[in-house]
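Since the structure comes first, as structure tokens, the remarks are kept for the end.
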Amino acid sequence: MPQHGRYTSNVVISSEFFRPRIEAAGLHFLPLLGKAALDDATLFDRDNDAEPAEGLGFEDTAQLPQSITDSRYQTLMSLPDAWSSVKEALATLARRYPDEHVLLVSEAFFYGSMPLRYGALLSAALAAVLLPCTVCISITAPALRSVDMPPFGSPGKFDPSADGRKKNASAWQDWLERVTPLTDLLRQKLHEAGATDRAKIDTVHFMDGANYACHSAIAQIGVPEFEYPRSDFPPGFHIVGVVRPVAPVEPPPFAWWPELEANRKTHPATRKKVVVVAQGTVETEATELILPTLQLLGICDNVLTVAILGVRGATMPPQDTLPSNARVADYLSYDAVLPFADVWVHNGGYGATMHGIAHGVPMVIAGSGQDKPENGKRVQFSGLGIDLACARPPRDELQKAIQAVLYEPKYMETAKSMQRTARTYLAVCLLPAMVLQDLGRRINAAVSDLTRAPNIDEKAFDSMLKEIGNALVEADVNVKLVAQLRKSIKAAVNFKELPPAVNKKRLIQKSVFDELVSLVDPHAEPFKPKKGKSNVIMFVGLQGAGKTTSCTKLARHYQSRGFRACLVCADTFRAGAFDQLKQNATKAKIPYYGSLTETDPAVVARDGVDKFKKEKFEVIIVDTSGRHRQEAALFQEMMDIQKAVRPDETIMVLDATIGQQAEAQAKAFKDAADFGAIIITKTDGHAKGGGAISAVAATRTPIVFLGTGEHMLDLERFTPQQFVQKLLGMGDMAGLVEHVQSLKLDQKDTIKHITEGIFTVRDLRDQLQNIMKMGPLSKMAGMIPGMSNLMSGMDDEEGSAKLKRMIYICDSMTDRELDSDGRLFLDQPSRMTRVARGSGTFVREVEDLLTQQRMMAGMAKKMGGNMKNMQRAQSAMAGPNKQQQLAAMQKRLQSMGGGGGGLGGMMPDMGSLMKMLGGGGMPEGLDMQSMMQQMGMGNMMPPGAGGGGGRGGRKR
Numbered sequence: 026m027p028q029h030g031r032y033t034s035n036v037v038i039s040s041e042f043f044r045p046r047i048e049a050a051g052l053h054f055l056p057l058l059g060k061a062a063l064d065d066a067t068l069f070d071r072d073n074d075a076e077p078a079e080g081l082g083f084e085d086t087a088q089l090p091q092s093i094t095d096s097r098y099q100t101l102m103s104l105p106d107a108w109s110s111v112k113e114a115l116a117t118l119a120r121r122y123p124d125e126h127v128l129l130v131s132e133a134f135f136y137g138s139m140p141l142r143y144g145a146l147l148s149a150a151l152a153a154v155l156l157p158c159t160v161c162i163s164i165t166a167p168a169l170r171s172v173d174m175p176p177f178g179s180p181g182k183f184d185p186s187a188d189g190r191k192k193n194a195s196a197w198q199d200w201l202e203r204v205t206p207l208t209d210l211l212r213q214k215l216h217e218a219g220a221t222d223r224a225k226i227d228t229v230h231f232m233d234g235a236n237y238a239c240h241s242a243i244a245q246i247g248v249p250e251f252e253y254p255r256s257d258f259p260p261g262f263h264i265v266g267v268v269r270p271v272a273p274v275e276p277p278p279f280a281w282w283p284e285l286e287a288n289r290k291t292h293p294a295t296r297k298k299v300v301v302v303a304q305g306t307v308e309t310e311a312t313e314l315i316l317p318t319l320q321l322l323g324i325c326d327n328v329l330t331v332a333i334l335g336v337r338g339a340t341m342p343p344q345d346t347l348p349s350n351a352r353v354a355d356y357l358s359y360d361a362v363l364p365f366a367d368v369w370v371h372n373g374g375y376g377a378t379m380h381g382i383a384h385g386v387p388m389v390i391a392g393s394g395q396d397k398p399e400n401g402k403r404v405q406f407s408g409l410g411i412d413l414a415c416a417r418p419p420r421d422e423l424q425k426a427i428q429a430v431l432y433e434p435k436y437m438e439t440a441k442s443m444q445r446t447a448r449t450y451l452a453v454c455l456l457p458a459m460v461l462q463d464l465g466r467r468i469n470a471a472v473s474d475l476t477r478a479p480n481i482d483e484k485a486f487d488s489m490l491k492e493i494g495n496a497l498v499e500a501d502v503n504v505k506l507v508a509q510l511r512k513s514i515k516a517a518v519n520f521k522e523l524p525p526a527v528n529k530k531r532l533i534q535k536s537v538f539d540e541l542v543s544l545v546d547p548h549a550e551p552f553k554p555k556k557g558k559s560n561v562i563m564f565v566g567l568q569g570a571g572k573t574t575s576c577t578k579l580a581r582h583y584q585s586r587g588f589r590a591c592l593v594c595a596d597t598f599r600a601g602a603f604d605q606l607k608q609n610a611t612k613a614k615i616p617y618y619g620s621l622t623e624t625d626p627a628v629v630a631r632d633g634v635d636k637f638k639k640e641k642f643e644v645i646i647v648d649t650s651g652r653h654r655q656e657a658a659l660f661q662e663m664m665d666i667q668k669a670v671r672p673d674e675t676i677m678v679l680d681a682t683i684g685q686q687a688e689a690q691a692k693a694f695k696d697a698a699d700f701g702a703i704i705i706t707k708t709d710g711h712a713k714g715g716g717a718i719s720a721v722a723a724t725r726t727p728i729v730f731l732g733t734g735e736h737m738l739d740l741e742r743f744t745p746q747q748f749v750q751k752l753l754g755m756g757d758m759a760g761l762v763e764h765v766q767s768l769k770l771d772q773k774d775t776i777k778h779i780t781e782g783i784f785t786v787r788d789l790r791d792q793l794q795n796i797m798k799m800g801p802l803s804k805m806a807g808m809i810p811g812m813s814n815l816m817s818g819m820d821d822e823e824g825s826a827k828l829k830r831m832i833y834i835c836d837s838m839t840d841r842e843l844d845s846d847g848r849l850f851l852d853q854p855s856r857m858t859r860v861a862r863g864s865g866t867f868v869r870e871v872e873d874l875l876t877q878q879r880m881m882a883g884m885a886k887k888m889g890g891n892m893k894n895m896q897r898a899q900s901a902m903a904g905p906n907k908q909q910q911l912a913a914m915q916k917r918l919q920s921m922g923g924g925g926g927g928l929g930g931m932m933p934d935m936g937s938l939m940k941m942l943g944g945g946g947m948p949e950g951l952d953m954q955s956m957m958q959q960m961g962m963g964n965m966m967p968p969g970a971g972g973g974g975g976r977g978g979r980k981r
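Residue numbers (our numbering): 26 to 981.
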């Protein structure tokens with residue numbers, strides 16, 4: 026996280042057992058306290074002499090899996106002490122880093138952070154400086170309640186059918202009754218830890234997912250293809266990939282290791298297959314899986330078997346001799362050996378399974394206990410390998426499974442596909458990104474829950490306000506601003522003075538929206554440059570906030586709107602500043618000025634501005650050094666530059682990730698430079714942005730742009746209403762239209778084809794390339810009303826990678842194939858195999874792309890026929906009733922609907938494409954026709970040819 030995010034001060038709370046490793050990694054260690062200070066011996070010792078809770082001895086839970094009864098020690102009995110450990114860690118952070126934002130990340134079965142989510146109070150001193158966000162990180166398969174599957178660890182299978190859901194419901198009812206003593210104990214320990222929200226506590230059940238769902242967000246280690254496609258993941262659930270493999274610094278110290286390396290370099294026709302087998306690192310009984318695998322494969326001359334015992338200094342159990350093709354290691358990093366493996370045989374631990382996915386190795390699972398049955402079922406379900414569902418598999422079953430995974434290509438294809446997906450994620454580096462998504466979701470959910478209630482009274486209204494306030498405070502909005510917002514909403518919705526006829530739901534929705542807008546709207550008109558004169562804009566801000574990149578983005582923004590724009594580098598303080606600006610400006614084709622010899626930034630700024638004024642440039646942007654509010658000398662330098670160039674506008678660049686420091690920093694800059702506008706950077710998913718809202722309120726200064734990424738086009742104009750609409754999932758259609766117009770996409774050939782009823786593979790490729798130009802898919806989805814929620818299961822990098830693979834497929838086709846309607850591939854399936862090989866993809870990916878093309882071709886054919894009929898009908902119309910006839914014809918066309926909702930749904934067909942890329946479909950009621958007209962394509966669309974968002978154009 027320090028390498029990829031903004032969280033630079035990492036503290037790990039754990040057992041003393043792990044202190045050496047944590048401190049060796051450069052992290053600050055704090056010990057777990059009291060009963061929470063468990064180590065491996067305590068966790069797995071069945072003879073633990075701790076007193077069991079009354080009525081909850083092991084004999085009372087004989088019908089439950091051992092892993093469940095063990096968790097009584099691991100999670101429940103230790104919960105109050107675990108919460109005390111968390112509070113101690115938070116107090117330590119508050120003392121050491123009083124201005125830092127805190128993100129509290131808990132492993133799913135560490136219950137120590139749960140009390141905070143159930144009303145436990147921090148000390149007054151601690152609550153005054155921080156209110157941490159909490160993220161659950163799941164390092165096992167998710168133990169979450171679902172209508173689509175039975176309880177975690179039970180023998181049933183994933184079954185989302187109607188009959189399956191009935192069975193699942195019955196299994197869950199039985200389960201909750203069986204764990205009633207554990208549920209009672211959980212509620213008791215939450216109360217003991219100081220949790221005060223009794224209403225929420227009374228809904229908690231043991232092992233139904235409350236330890237996940239109570240947090241701001243859930244980070245599930247894994248990839249989407251490995252997890253069941255259940256219909257009811259909780260809000261805030263994110264699959265974040267696997268922990269990236271770490272290559273060994275030097276070869277492992279085994280005499281046989283060079284043989285393994287040499288085998289990999291051998292020609293595939295003569296190379297030996299490599300089977301890696303491990304029992305795990307906790308349950309390490311070698312006779313269960315390791316020895317049977319070595320003996321079974323000992324007769325295979327074309328196989329090398331590598332066994333990992335999992336404990337340093339361990340040896341194989343006594344036996345006659347090891348097979349000649351067996352290689353044994355006492356302890357060996359999976360990351361070191363799995364790159365050589367063709368099959369990965371192990372006991373089903375989740376960590377071992379994720380290592381297999383990270384290296385693209387199919388597997389055979391043979392394990393029992395803890396989470397292993399759940400992991401094995403997912404391996405089987407996803408096609409990643411074969412699950413033998415027992416710790417000591419029969420010899421013949423183990424042999425058949427290894428042979429199948431070794432020689433049937435489908436297993437390796439699935440493993441490599443999952444590996445490619447895993448490479449598109451940044452794993453735990455995404456944790457900070459989840460919290461901004463959570464803010465909009467929680468506000469939306471709070472309002473929706475209230476408006477769906479049959480009776481809206483003051484108690485329910487106050488509960489909604491409390492949830493909105495908590496969400497804003499956790500997103501770094503200043504506590505005083507939140508209190509004012511709640512007060513304003515309450516004043517607008519005064520239950521005592523409301524007339525009986527007033528629609529309370531609509532009034533509440535409007536009041537919440539208006540007050541959120543007021544948080545980011547200072548009602549101050551931002552500066553607008555004038556053509557025909559020199560407009561000097563000076564940038565100020567903290568070091569590392571993104572000033573230099575933002576300067577270039579703004580210059581390019583004005584240049585694309587007809588202004589003569591240029592850049593002046595007055596940053597003589599930071600090494601490499603001029604080189605960075607020069608590189609950015611050259612790439613964007615923007616004139617620039619700087620000096621490698623002059624050390625006085627005021628002189629450089631004045632000379633640059635004078636030069637460009639003489640050359641009649643209209644927008645002159647001056648980049649200055651980074652500042653910190655305590656650096657008085659540098660603040661003086663900033664004021665000297667301001668006097669030297671007399672800017673028409675001063676813009677502060679504010680990093681959205683700095684949290685509640687933003688307000689104090691903004692005030693300091695306001696006092697020194699009196700800036701007139703703010704640009705907020707790094708809003709592309711890695712920040713919460715609440716601190717920036719606080720800065721706007723504190724300085725009464727308008728935000729003019731948002732930096733939404735690293736590319737030169739990633740600069741969005743800020744308007745308060747659109748920002749709040751986007752935050753609440755209401756979309757920003759105006760922003761989408763402006764973005765698409767700025768790209769000047771070439772749609773003429775495709776539109777001409779569609780009007781003729783044609784849609785070729787080349788047309789599909791053109792649409793895919795246009796979508797790639799539009800930027801991150803989540804960015805576009807956030808601008809479309811209702812689409813942001815449907816994109817919650819999709820990662821930008823994953824979607825982009827899939828788009829690229831689809832384009833690679835098209836690029837491997839001949840001109841004849843590209844200009845066809847796809848029937849060539851149906852008539853000659855061998856073409857699909859050739860294209861798959863040429864593009865480095867799988868045949869099923871080619872089939873999926875052609876299915877998409879055929880669907881869109883069918884829509885185009887229907888559209889073309891409708892347009893021709895309409896043109897003939899229009900020509901035949903005459904007389905005084907022409908307008909009425911035209912209106913009637915349009916109504917008939919709309920009622921015909923179908924497919925993609927007309928031409929608007931084709932430009933491009935976002936619904937079906939996003940489904941292919943891992944997201945949802947188009948929301949209902951999206952008027953694509955009007956959007957396309959705004960984008961400059963209205964002349965290509967006859968009346969009645971679009972709308973409906975994939976629902977046939979019918980009005981709803």
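Note that beta-carbon positions come from the ideal geometry of N, C-alpha and C, so glycine has one too. Keep in mind that this is a model prediction, so the values were computed, not measured.
Apart from the five residues on each side of it in sequence, which residues of its chain come closer than 6 Å, Cβ to Cβ, to Tyr-359? Working through the sequence shown from its first residue, we reach residue 359 at position 334. Around Tyr-359: His-380.
List the whole-angstrom C-beta distance separating Ala-595 from Ala-580, where the pair is believed to meet the contact cut-off of C-beta under 8 Å. Taking the sequence shown and counting its residues from 1, one reaches residue 595 at position 570. Taking the sequence shown and counting its residues from 1, one reaches residue 580 at position 555. Their Cβ separation, rounded to whole angstroms, is 15 Å, which puts Ala-595 and Ala-580 out of contact at 8 Å.
Residues of its chain near Pro-45, where Cβ-Cβ distance is below 7 Å and the 5 sequence neighbours each way are ignored: Working through the sequence shown from its first residue, we reach residue 45 at position 20. Closer than 7 Å at the Cβ level, and outside the excluded window around Pro-45, lies no residue.
Contained alpha helix (DSSP H) runs [length at least 4] in the region 506-594, N- to C-terminal order: 529-545 and 572-584
Can at least three beta-carbon pairs, one atom from the region 506-526 and one from the region 661-678, be found at a separation below 8 Å? no
Please list, in chain order, all residues of the same chain as Gln-304 whose beta carbon is under 7 Å from its beta carbon, the five residues on each side excluded. Mapped onto the sequence shown, residue 304 falls at position 279. Excluding sequence neighbours, Gln-304 sits near Glu-310, Ala-311, Glu-313, Leu-314, Ile-315, Gly-335 and Asn-372.
Consult DSSP for Trp-200 and reduce its assignment to one of helix, strand or coil. For this step, residue 200 is matched to residue 175 along the sequence shown. In the structure shown, Trp-200 sits in a helix (DSSP, three-state: H, G or I).
What are the start and end residues of the alpha helix (DSSP H) that includes Val-274? Position 249 of the sequence shown, counting from 1, holds the residue named residue 274. Val-274 -> no alpha helix (DSSP H), and no H or E assigned at all.
Extract the residue ranges of the beta strand (DSSP E) inside the region 592-655, only unbroken runs of 3 or more that lie entirely within it. 644-648
Report all residues from its chain with a CB closer than 7 Å to the CB of Pro-418; omit the five preceding and five following residues, and keep chain order. On the sequence shown, position 393 is the one that residue 418 refers to. Ala-391, listed in sequence order.
If you measure between the beta carbons of Ser-131 and Ser-138, is that distance less than 8 Å? Counting from one through the sequence shown, the residue named residue 131 turns up at place 106. Counting from one through the sequence shown, the residue named residue 138 turns up at place 113. Yes.
Beta bridge counterpart(s) of Ala-354 as assigned by DSSP: By 1-based counting over the sequence shown, the position of residue 354 is 329. Note: Ala-354 sits in a beta bridge opposite Ile-333.
Gln-877 burial status per 10 Å Cβ neighbour count (16 or more: buried): As a first step, residue 877 is located in the sequence shown; it is residue number 852 there, counting from the start. Per the 10 Å Cβ criterion, buried.
In its own chain, which residues sit with a C-beta less than 8 Å from the C-beta of Lys-397, not counting the 5 before and 5 after it? Position 372 of the sequence shown, counted from the first residue, corresponds to residue 397. Same-chain partners within the cutoff: Asn-372, Gly-373, Gly-374 and Ile-390.
Are Thr-649 and Asn-609 close, meaning C-beta to C-beta below 8 Å? As a working mapping, residue 649 is identified with position 624 in the sequence shown. As a working mapping, residue 609 is identified with position 584 in the sequence shown. Contact flag unset, no.
Cβ separation of Asn-193 and Asp-184, assumed to be a contact under 8 Å, to the nearest whole Å: The count along the sequence shown starts at 1 and reaches residue 193 at position 168. The count along the sequence shown starts at 1 and reaches residue 184 at position 159. About 7 Å; that satisfies the 8 Å criterion.
Check whether the region 224-236 touches the region 200-210, taking contact to mean three or more Cβ pairs, one atom from each stretch, closer than 8 Å. yes
If Pro-727 and Pro-551 are in contact, beta carbons under 8 Å, what's the gap, nearest whole angstrom? On the sequence shown, residue 727 is found 702 positions in, with the first residue counted as 1. On the sequence shown, residue 551 is found 526 positions in, with the first residue counted as 1. Sure, about 5 Å apart at Cβ, within 8 Å.
How about the region 615-631 and the region 515-529: do they share at least three Cβ pairs that are nearer than 8 Å? no
Spell out a yes or no on whether the region 468-485 and the region 432-450 are touching, meaning 3 or more CB-CB pairs, one atom from each, closer than 8 Å. no
Once the 5 residues before and after Ile-832 are set aside, which same chain residues still bring their CB inside 6 Å of it? Along the sequence shown, read from residue 1 onward, the residue named residue 832 stands at position 807. Hits under 6 Å: Leu-793.
Please determine if the region 254-274 and the region 323-342 are in contact, where contact requires at least 3 C-beta pairs separated by less than 8 Å. no
Tell me whether His-736 sits in a helix, a strand or coil according to DSSP, three-state version. By one-based count along the sequence shown, residue 736 stands at place 711. His-736 falls in the coil class under three-state DSSP.
Starting from Trp-369, follow the beta strand (DSSP E) in both directions and report where the run begins and ends. Numbered from 1 along the sequence shown, position 344 holds the residue referred to as residue 369. From DSSP, the beta strand (DSSP E) with Trp-369 extends over 368-371.
Looking at Leu-115 and Cys-158, is the spacing between their C-beta atoms short of 8 Å? What you label residue 158 is simply residue 133 of the sequence shown in a count that begins at 1. What you label residue 115 is simply residue 90 of the sequence shown in a count that begins at 1. It is not a contact, given that the beta carbons lie outside the stated cut-off.
From what residue to what residue does the beta strand (DSSP E) around Leu-55 run? Translated into the one-based positions of the sequence shown, residue 55 becomes position 30. Its beta strand (DSSP E) spans residues 53-56.
Sequence-distant residues of the same chain with beta carbon closer than 6 Å to Thr-378, five excluded per side: Indexing the sequence shown from 1 puts residue 378 at position 353. Answer for Thr-378: Asn-400, listed in chain order.
For the beta strand (DSSP E) containing Phe-262, name the first residue and the last one. The residue labelled residue 262 in the question sits at position 237 within the sequence shown. Here the beta strand (DSSP E) through Phe-262 covers 262-264.
Return the bridge partner residues of Arg-742 from the DSSP annotation. Within the sequence shown, residue 742 is the residue found at index 717, counting from 1. According to DSSP, Arg-742 bridges with Phe-730.
Could you check the C-alpha separation between Arg-16 and Tyr-143 for me, to the nearest Å? With the chain running from 26 to 981 in the structure shown, residue 16 is simply not present.
Using a threshold of 8 Å, state whether the C-beta atoms of Leu-104 and Leu-215 are closer than that. Position 79 of the sequence shown holds residue 104. Position 190 of the sequence shown holds residue 215. The answer is yes: Cβ separation under 8 Å.
Name the two residues that bound the continuous beta strand (DSSP E) containing Asp-680. As a position in the sequence shown, residue 680 is number 655, starting the count at 1. Start and end: 674-680.
Can you tell me whether DSSP reads Ser-955 as helix, strand or coil? In the sequence shown, the residue the question calls residue 955 occupies position 930. Confidence at Ser-955 is low in this model, with a pLDDT of 43, below 50, so the placement of that residue is unreliable and no value is reported for it.
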